[in-house]
Amino acid sequence: MIPPMTMTRRTLLAAAAAAGLAGCGGSDPRPDAARPHVAGDPRRLGLALAFEHTLVAAYDVVGELVPGRQVRELAEQEREHVARLSELMRDLGEQPREPRPRDDYLRSFPRLRTRAEALDFAADLEERAVRTYLSYLPALTDRELRREAVRIATSEAQHLAVVRDLNGLPPAEHAYVTGTM
Amino acid sequence: VSDAQTITDLLHLERESAALWESLPGEAAARTAEQEAIHARGLERALRGMGRQAPSRTFTSTRGSLRDALELEDELVRAYSEAMRSISNARLLAPLASICANHGQHLVILRGELGNDPLTRAFEPVE
Numbered sequence: 001m002i003p004p005m006t007m008t009r010r011t012l013l014a015a016a017a018a019a020g021l022a023g024c025g026g027s028d029p030r031p032d033a034a035r036p037h038v039a040g041d042p043r044r045l046g047l048a049l050a051f052e053h054t055l056v057a058a059y060d061v062v063g064e065l066v067p068g069r070q071v072r073e074l075a076e077q078e079r080e081h082v083a084r085l086s087e088l089m090r091d092l093g094e095q096p097r098e099p100r101p102r103d104d105y106l107r108s109f110p111r112l113r114t115r116a117e118a119l120d121f122a123a124d125l126e127e128r129a130v131r132t133y134l135s136y137l138p139a140l141t142d143r144e145l146r147r148e149a150v151r152i153a154t155s156e157a158q159h160l161a162v163v164r165d166l167n168g169l170p171p172a173e174h175a176y177v178t179g180t181m
Numbered sequence: 182v183s184d185a186q187t188i189t190d191l192l193h194l195e196r197e198s199a200a201l202w203e204s205l206p207g208e209a210a211a212r213t214a215e216q217e218a219i220h221a222r223g224l225e226r227a228l229r230g231m232g233r234q235a236p237s238r239t240f241t242s243t244r245g246s247l248r249d250a251l252e253l254e255d256e257l258v259r260a261y262s263e264a265m266r267s268i269s270n271a272r273l274l275a276p277l278a279s280i281c282a283n284h285g286q287h288l289v290i291l292r293g294e295l296g297n298d299p300l301t302r303a304f305e306p307v308e
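Chains as they are written, first to last, in the working numbering: chain A, 1 to 181; chain B, 182 to 308.
This is the structure:
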């Protein structure tokens, strides 16, 4: 049983971070010290894939409080990201990880009681997803993979815009979705 | 293509987009024009950091429609995502990608304003 939490911006951020980390544990691919440049790219893809699995699970929960076509579309696009990342990993000779049992994800999510809490949680996860992809970019050695990462990061930023709009907020808050130049 | 040339090409697009958004009515358009201007200033700083002079402004005023803005935002997302292939300085990648993500959000706003589904693709830009 998940203990009830008081939903503040701070607790939602912490919960989003915990949810993201929860998706990244377990059987993550390990870097190969002898082949750092070869092993680094699939490792980062594997971590991104784990996060995408978390997003799919999160939208199942969010959708219970925010019914409608748009949240279903968000969930479907996250599944497309899972499929694409899995395909890229197979191209690199790696076996993509499967999602964890649903309860594993649910245990790491905060108890969401209202539509606004659900949308805040989704926004925090999407923002974290964008940060994750952007943080991997400088270390990706394959330039095609960099482009793929940006295509997905841009999609996640669009999800963030849609979620903010559903929550009555301006869709595009900052000129730099994360970071500065 | 050198990093400086890639940044210069992006700067021209940002300036064109800022001018176009400035010509559009409404608070959201004004906010978006300001975001494009912030992108342009960031690119100018990046050029100065490379010891290059930013080119003079060529887009001082323009008139456009939401559909023109949609086309230009799509072009911007494509240009930034292509830059990921060519940029050599790894420190530029995340900030450029962050701008690309913001342009993706502008596409969401424009699609909504034009009565279209804001989420048409799971990957932006589409191949």
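We put the CB at the ideal spot given by N, CA and C, even for glycine.
Opening and closing residue of the alpha helix (DSSP H) in which B/Ile-280 lies: 274 to 294
Bounding residues of the alpha helix (DSSP H) (the contiguous stretch that carries A/Leu-119): 115 to 136
Residue-level contact to chain A via CB, B/Pro-299, 8 Å cutoff: yes
B/Ile-290: contacting residues in chain A (beta-carbon distance under 8 Å): Ala-161, Pro-171 and Ala-172
Spatial distance of A/Arg-102 from A/Ala-57 (CA atoms): Pairing A/Arg-102 with A/Ala-57, the inter-Cα distance amounts to about 7 Å.
CB contact check: B/Ser-279 to chain D, cutoff 8 Å: Absent here is chain D; the protein component of the structure consists of chains A and B.
Helix, strand or coil at A/Ala-75 according to DSSP, with G and I counted as helix: helix
Per-residue burial, B/Gly-232 [other beta carbons within 10 Å of its own, 16 or more giving buried]: Exposed, because fewer than 16 other Cβ atoms sit within 10 Å of the Cβ of B/Gly-232.
Buried or exposed by the 16-neighbour rule on C-beta atoms within 10 Å, applied to A/Thr-141: With fewer than 16 Cβ atoms within 10 Å of its Cβ, A/Thr-141 is classed as exposed.
For B/His-220, the first and last residue of its enclosing alpha helix (DSSP H): 208 to 230
Beta carbon proximity, B/Glu-305 to chain A, threshold 8 Å: yes
Short CB-CB distance (under 8 Å) between A/Val-66 and chain B: no
Short CB-CB distance (under 8 Å) between B/Val-182 and chain A: no
Own chain residues within Cβ distance below 7 Å of B/Gln-216, not counting five before or after: Asn-283
Backbone secondary structure at A/Glu-94 - three-state DSSP: coil
Through-space distance from A/Arg-107 to B/Ser-198, alpha-carbon basis: 45 Å
Chain B contact for A/Ser-86 (CB, 8 Å cutoff): no
Sequence-distant residues of its chain with Cβ nearer than 8 Å to A/Met-89 (five each side left out): Excluding residues within five positions, the ones whose Cβ falls inside 8 Å are Pro-42, Leu-45, Gly-46, Leu-49, Gln-95 and Pro-96.
Cβ-based burial, A/Arg-69 [other Cβ within 10 Å; buried from 16]: exposed
Proximity of B/Asp-184 and B/Ile-280 at Cβ, strictly below 8 Å: Contact flag unset, no.
Chain A within 8 Å of B/Leu-274, Cβ atoms only: yes
Run of the alpha helix (DSSP H) containing A/Ala-139, from where it starts to where it stops: Looking at the DSSP string, A/Ala-139 is not in any alpha helix (DSSP H), and its letter there is neither H nor E.
Environment of B/Leu-295 [buried if 16+ CB atoms lie within 10 Å]: exposed
Integer-rounded CB distance, given that A/Arg-146 should sit under 8 Å from A/Leu-137: 6 Å
Candidates B/Gln-186, B/Ala-303 and B/Leu-191: closest to A/His-207 by CA position: Residue 207 of chain A lies beyond the residue range present for chain A, which begins at 1 and ends at 181; the question has no answer from this structure.
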